[in-house]
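Asks: Numbered according to this note's numbering, the sequence shown spans residues 6 to 560. Ideal placement from N, C-alpha and C gives every residue a C-beta, glycine not left out. Note that the structure is predicted; figures quoted are calculated from it, not measured. Sharing a structure with you now.
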Amino acid sequence: MLFPCPSGDFKESNPKPDQRVFTRHETRNTAFMLFPKHESRTLPPPGPPRPPSHDDFAAHDNGAIPGHCGFLPPEYGFLPNHNDSSPHNSSEFVGMIRNDSDTPEPVSALRRRSRSASRRAPFAAAPAALCGLLPMRRTPNEPMPGKENVPDRANTGTFHVALTVESASLTASEGGDSVRGPATLMASVTPAAPLDRTPLNAVHRALGARMVDFGGWDMPVEYSGIIEEHLAVRKAVGLFDVSHMGEIEIRGPQALALVDRVTPNAAERLADGQAQYSALLYPQGTFVDDILVHRIGPEHYFLCVNASNQVRDYEWIRSQNDFDAEVEFASGRYVQLAIQGPRAVETLGTLTKTALKAIRYYWFTRGEVLGAPAIIARTGYTGEDGFEIYVAPEEGGRIWNAVLEAGAGYGIRPCGLGARNTLRLEAAMSLYGHEIDDTITPYEARLGWMVKLEKGDFIGRDALSKQKEEGVRRRLVGLEMTGRGIGRDGYRVFDGGRDIGWITSGSPAPFVGRNIALAMLPLDKGDAGTEVAVRVRSRMVDARVTPTPFYSRKQ
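Put into C-alpha cells, the structure is as follows:
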C-alpha cells in the first residue's frame with residue numbers, strides 16, 4: 006500500500022485504491038507528474054549500475070528542504086520534495102513510501118535509517134520502499150478548452166519508480182530489460198500534463214526569465230531578481246504578463262441575473278465601464294474562486310478569473326445558468342498585460358490616445374493601444390496604481406516590447422510572478438489556495454464587505470447569513486515576525502505551545518523591510534499586538550499580530 010505524504014508528512018489513514026497523487030516538477034525545462042497507478046511501459050537501463058553509497062544519500066539530503074520522498078541513484082534522476090507552493094519555488098512534490106508493517110514512517114526517520122544502513126551494507130536494513138521519478142519519451146498534446154495549442158511546448162512524462170528493499174538484486178524489468186543492483190526496482194509510467202504557455206512565452210525566454218511551472222503554466226518567476234522587480238513597481242513601473250488568467254463573458258437579456266446569482270457582491274450597482282471585486286461561492290459559502298466582474302453593458306459582463314480555476318469556474322457558472330444568457334469561455338481571445346506603478350500613466354500614455362487619467366480606480370474603457378483594440382482597466386494586483394490591458398493574442402508581443410521601450414526612461418522592469426506575489430502580500434491581497442479556498446468563507450477571509458446579503462438570493466447566501474449571525478470562529482490576520490526567521494506558507498502558529506492556526510502566505514517584504522505573513526487564527530488571537538510563535542522547521546520564532554495592509558500607497 007502506498008501512502009501520500011504532502012509537504013513531507015504522512016497521512017495516518019490509507020488512501021482509497023484509486024486515489025491519485027500528483028506532483029509537478031520543472032528542471033531543465035522538463036515537466037513531471039506522478040501517479041501511483043497507471044499504464045506500464047518499458048523502462049530501459051539507465052546506464053552502468055552501481056550500488057548506492059552514503060555519499061549519494063548525503064549529496065541529495067539538503068537540510069533546508071524538508072521531506073525528501075526517497076532516494077534513487079543519480080543515474081535514475083532523483084528529485085527532492087520542495088515544501089513551498091509559492092511562485093518563488095519551481096516545484097511542488099508529493100512523495101510516497103511504504104514499509105514492512107504498512108505503517109507510515111516520517112521521512113526524517115527514513116533518511117536516518119537509510120544512512121545508517123548504507124554505512125554497513127547499502128540498503129541491507131533500509132525501510133521497505135522508496136520512490137522517485139524518471140523522464141520518459143514525449144507524448145502528444147491536448148489543448149486546454151478555449152486555448153489554442155502551442156505546437157512547440159514541452160511534452161513529457163515520468164516513470165513512477167518504487168524501490169522495494171527486500172533482496173540483494175536491483176531489477177528494472179518492463180518488457181524484459183533489467184539492471185542488476187542491491188534492491189528490486191518496479192516501474193510504471195504515465196504521460197505528464199503538458200504546460201500551457203502564454204503567447205509571450207518566447208519573449209520571456211529571450212529576455213532570460215527564469216521560467217517555472219505555475220499552476221500548469223510555463224511562466225516567468227523573475228527576470229533581474231524579485232527584490233529589484235518589486236522595488237521597481239513600488240518606485241517606478243513594472244510590466245507583467247498575466248495572460249494565464251482566464252476570461253469568461255456572459256451575454257444576454259438576463260446576463261445580470263446570472264451574474265447576481267453566482268456572485269455575492271451587488272453587480273446590479275455597476276455602471277457601464279465599472280469593475281468590481283467579487284467571488285464565486287459554493288452553497289456552504291466558501292470560495293470557488295475570487296474574480297473581477299466588469300460591466301461592458303446591461304447585457305454584457307466580462308469576468309477575469311484565476312488561471313488554475315478558469316475551466317472549473319466556467320463549468321460552475323454554466324451549471325447555474327437557468328437564465329436567458331450565454332456563457333462563453335473566452336480565455337483564448339485575450340492576452341493580459343499589467344502595467345503597475347506610480348509611472349504607469351506616463352508609460353502607457355505614450356502608446357494610446359485614451360485619456361488614462363480620466364479612468365478612475367476600478368473602472369475601464371474600450372480603446373486602442375498602438376492601434377490594437379483593447380480593454381484598458383485601472384485595476385491591478387500589486388497595491389499600486391496601474392492598468393491591466395486586454396488585447397488580442399497576436400498583438401501581445403508587439404505591445405509588450407513597446408511598453409518596455411516606452412517605460413525605459415522611467416525605470417521600467419519586466420516582472421515575474423515572484424514579485425507579483427510579494428507585492429500583493431504587502432498589500433494584503435488574497436491568493437486563491439492560500440487566503441481563500443473551498444474551506445474558507447469571505448467573512449473568515451476579512452472580505453465580508455463583498456457580501457451583500459440585502460441584494461436577495463445568491464449561491465451561499467443562507468450559509469453566510471447564518472455565519473454572520475453566529476459570528477466567525479477564526480479570521481485572517483497579519484503577522485510580523487519579531488524573531489529571527491521567515492514565516493512561510495503552511496507554517497503552524499502557536500500560542501503557549503498550543504497549535505492555533507497556520508500561515509496562509511509569508512515572505513520577506515522588500516519595500517516595508519520586514520518579514521511578514523498572513524495567517525488564519527482563532528478570533529480571540531486576532532487582535533493587533535497579540536504575541537504568538539511560528540514553528541519554522543524545528544524551532545519556534547516569535548511573531549506579533551499586526552494591522553493590514555502592510556503597505557498602502559499614497560493616493
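Classify N406 as buried or exposed, calling it buried when 16 or more other Cβ atoms lie within 10 Å of its own Cβ.
Replies: Numbered from 1 along the sequence shown, position 401 holds the residue referred to as residue 406. That one is exposed.
Asks: Taking the CB atoms as reference points, tell me whether L526 and V482 lie closer together than 8 Å.
Replies: Position 521 of the sequence shown, counted from the start, is the residue given in the question as residue 526. Position 477 of the sequence shown, counted from the start, is the residue given in the question as residue 482. Cβ distance < 8 Å, so L526 and V482 count as in contact.
Asks: Below 8 Å on the Cβ atoms is my guess for R215 versus E227; work out the distance and round it to an integer in Å.
Replies: As a working note, residue 215 is residue 210 in the sequence shown. As a working note, residue 227 is residue 222 in the sequence shown. Contact holds; Cβ gap of about 5 Å.
Asks: How about E273 and L261: do their beta carbons lie closer than 8 Å?
Replies: If you number the sequence shown from 1, residue 273 lands on position 268. If you number the sequence shown from 1, residue 261 lands on position 256. Contact: yes.
Asks: When the Cα atoms are used, what is the spatial distance from N206 to S248?
Replies: Taking the sequence shown and counting its residues from 1, one reaches residue 206 at position 201. Taking the sequence shown and counting its residues from 1, one reaches residue 248 at position 243. When rounded, the distance between both Cα atoms is 10 Å.
Asks: Taking the straight line between their C-alpha atoms, what separation do you get for Y448 and I441?
Replies: Indexing the sequence shown from 1 puts residue 448 at position 443. Indexing the sequence shown from 1 puts residue 441 at position 436. Looking at the two C-alpha atoms, the distance is approximately 11 Å.
Asks: Name the DSSP bridge partner or partners of V217?
Replies: The count along the sequence shown starts at 1 and reaches residue 217 at position 212. According to DSSP, which records beta bridges pairwise, V217 is partnered with M224.
Asks: Specify, as a first and last residue, the run of the alpha helix (DSSP H) that A407 falls within.
Replies: Within the sequence shown, numbered from 1, the residue matching residue 407 stands at position 402. Segment 401 to 411, the alpha helix (DSSP H) holding A407.
Asks: Could you give the residue range of the beta strand (DSSP E) that holds W321?
Replies: Numbered from 1 along the sequence shown, position 316 holds the residue referred to as residue 321. It is not in any beta strand (DSSP E) - W321 instead sits in the alpha helix (DSSP H) that spans 315 to 324.
Asks: Taking buried to mean at least 16 other C-beta atoms within 10 Å of its own C-beta, is A533 buried or exposed?
Replies: Along the sequence shown, read from residue 1 onward, the residue named residue 533 stands at position 528. A533 should be labelled exposed.
Asks: G243 to M224, Cα distance in whole Å?
Replies: Counting from 1 along the sequence shown, the entry for residue 243 is found at position 238. Counting from 1 along the sequence shown, the entry for residue 224 is found at position 219. Spanning the two alpha carbons is a distance of roughly 16 Å.
Asks: Determine contact between the segment 488 to 505 and the segment 461 to 470, defined as no fewer than three beta-carbon pairs at a distance below 8 Å.
Replies: No, the segment 488 to 505 is not in contact with the segment 461 to 470.
Asks: Just verifying my parser: in three-state terms, what is the DSSP assignment at T352?
Replies: The count along the sequence shown starts at 1 and reaches residue 352 at position 347. Correct three-state label for T352: helix.
Asks: Please confirm if the segment 316 to 331 is in contact with the segment 263 to 283, defined as three or more CB-CB distances below 8 Å between the two stretches.
Replies: Result yes; three or more Cβ-Cβ pairs closer than 8 Å.
Asks: Given a cut-off of 8 Å on the beta-carbon distance, is the pair I296 and S313 in contact?
Replies: Here residue 296 refers to the residue found at position 291 when the sequence shown is read from its first residue. Here residue 313 refers to the residue found at position 308 when the sequence shown is read from its first residue. Not in contact: I296 and S313 (Cβ atoms no closer than 8 Å).
Asks: Please classify S470: does DSSP put it in a helix, a strand, or coil?
Replies: On the sequence shown, residue 470 is found 465 positions in, with the first residue counted as 1. Residue state, collapsed to three classes: helix.
Asks: Just grab the DSSP bridge partners of L523 for me.
Replies: Looking up residue 523 in the sequence shown gives position 518. In the DSSP output, where bridge partners are listed per residue, L523 has G483, S510.
Asks: I need the DSSP call for H299, collapsed to helix, strand or coil.
Replies: The sequence position of residue 299 within the sequence shown is 294, counting from 1. H299: strand per DSSP, three-state reduction.
Asks: To the nearest angstrom, how far is it from the Cα of Y386 to the Cα of T446?
Replies: Start at 1 with the first residue of the sequence shown, and residue 386 comes out as number 381. Start at 1 with the first residue of the sequence shown, and residue 446 comes out as number 441. Rounded to whole angstroms, Y386 to T446 spans 21 Å at the Cα level.
Asks: Please identify the residue among S324, G391, Q472 whose C-alpha is closest to the C-alpha of G290.
Replies: Looking up residue 290 in the sequence shown gives position 285. Among S324, G391, Q472, the Cα nearest to that of G290 is on Q472.
Asks: Within 8 Å (strictly less), CB to CB, does Y415 reach chain C?
Replies: The structure shown has no chain C; it contains just one protein chain.
Asks: Quick one, are the C-beta atoms of A397 and A382 less than 8 Å apart?
Replies: In the sequence shown, residue 397 corresponds to position 392, counting from 1. In the sequence shown, residue 382 corresponds to position 377, counting from 1. No, these two residues do not count as a Cβ contact at 8 Å.
Asks: Which partner residues does W368 have in the DSSP bridge list?
Replies: Stepping through the sequence shown from its first residue, residue 368 is reached at position 363. BP columns for W368 point to Q279.
Asks: Following the continuous alpha helix (DSSP H) through L430, name the residue where it begins and the one where it ends.
Replies: Translated into the one-based positions of the sequence shown, residue 430 becomes position 425. Run containing L430: 422 to 431, per the alpha helix (DSSP H) assignment.
Asks: Report the three-state DSSP secondary structure of L528 (helix, strand or coil).
Replies: Taking the sequence shown and counting its residues from 1, one reaches residue 528 at position 523. Helix at L528.
Asks: Compute the Euclidean distance between the alpha carbons of N270 and K457, then round it to the nearest angstrom.
Replies: Sequence index remark: in the sequence shown, residue 270 carries index 265 (1-based). Sequence index remark: in the sequence shown, residue 457 carries index 452 (1-based). Rounded to whole angstroms, N270 to K457 spans 5 Å at the Cα level.
Asks: With burial defined as no fewer than 16 other Cβ atoms inside 10 Å of the residue's Cβ, what is the status of L528: buried or exposed?
Replies: Working through the sequence shown from its first residue, we reach residue 528 at position 523. L528 comes out exposed.
Asks: Check whether the Cβ atoms of V537 and D500 sit closer than 8 Å, and answer yes or no.
Replies: Position 532 of the sequence shown holds residue 537. Position 495 of the sequence shown holds residue 500. Result yes, Cβ atoms of V537 and D500 sit closer than 8 Å.
Asks: Pick helix, strand or coil for A198, following the three-state DSSP scheme.
Replies: To locate residue 198, count along the sequence shown from 1; it is residue 193. Coil at A198, not helix or strand.
Asks: Leaving out the 5 sequence neighbours to the left and right, which residues in its chain are closer than 7 Å to H235 when beta-carbon positions are compared?
Replies: Your numbering for residue 235 matches position 230 in the sequence shown. Correct list, in chain order: A424, T427, L428, P515, F516.
Asks: With 16 other CB atoms within 10 Å as the buried threshold, where does Y437 fall?
Replies: Locating residue 437 in the sequence shown gives position 432, where the first residue counts as 1. By the neighbour-count rule (16 or more Cβ atoms within 10 Å), Y437 is buried.
Asks: Of all the options K559, R489, G388, T444, which has the alpha carbon lying nearest to the alpha carbon of M545?
Replies: Taking the sequence shown and counting its residues from 1, one reaches residue 545 at position 540. Ranking the options by Cα distance to M545, first place goes to R489.
Asks: DSSP state of H439, grouped into three classes?
Replies: Position 434 of the sequence shown holds residue 439. Correct three-state label for H439: coil.
Asks: Does the Cβ of R418 have 16 or more other Cβ atoms within 10 Å, making it buried, or fewer, making it exposed?
Replies: Locating residue 418 in the sequence shown gives position 413, counting from the first residue. Flag for R418 reads buried.
Asks: Only counting the same chain, and skipping five residues up and downstream in sequence, which positions put a Cβ closer than 7 Å to that of A379?
Replies: Counted from its first residue, the sequence shown places residue 379 at position 374. The answer, listed in chain order, is G372, E373, I394, Y395, V396.
Asks: Straight-line CA distance for F245 to I505?
Replies: For the purposes of this step, residue 245 is taken as the residue at position 240 of the sequence shown. For the purposes of this step, residue 505 is taken as the residue at position 500 of the sequence shown. If you take the alpha carbons of F245 and I505, they lie about 37 Å apart.
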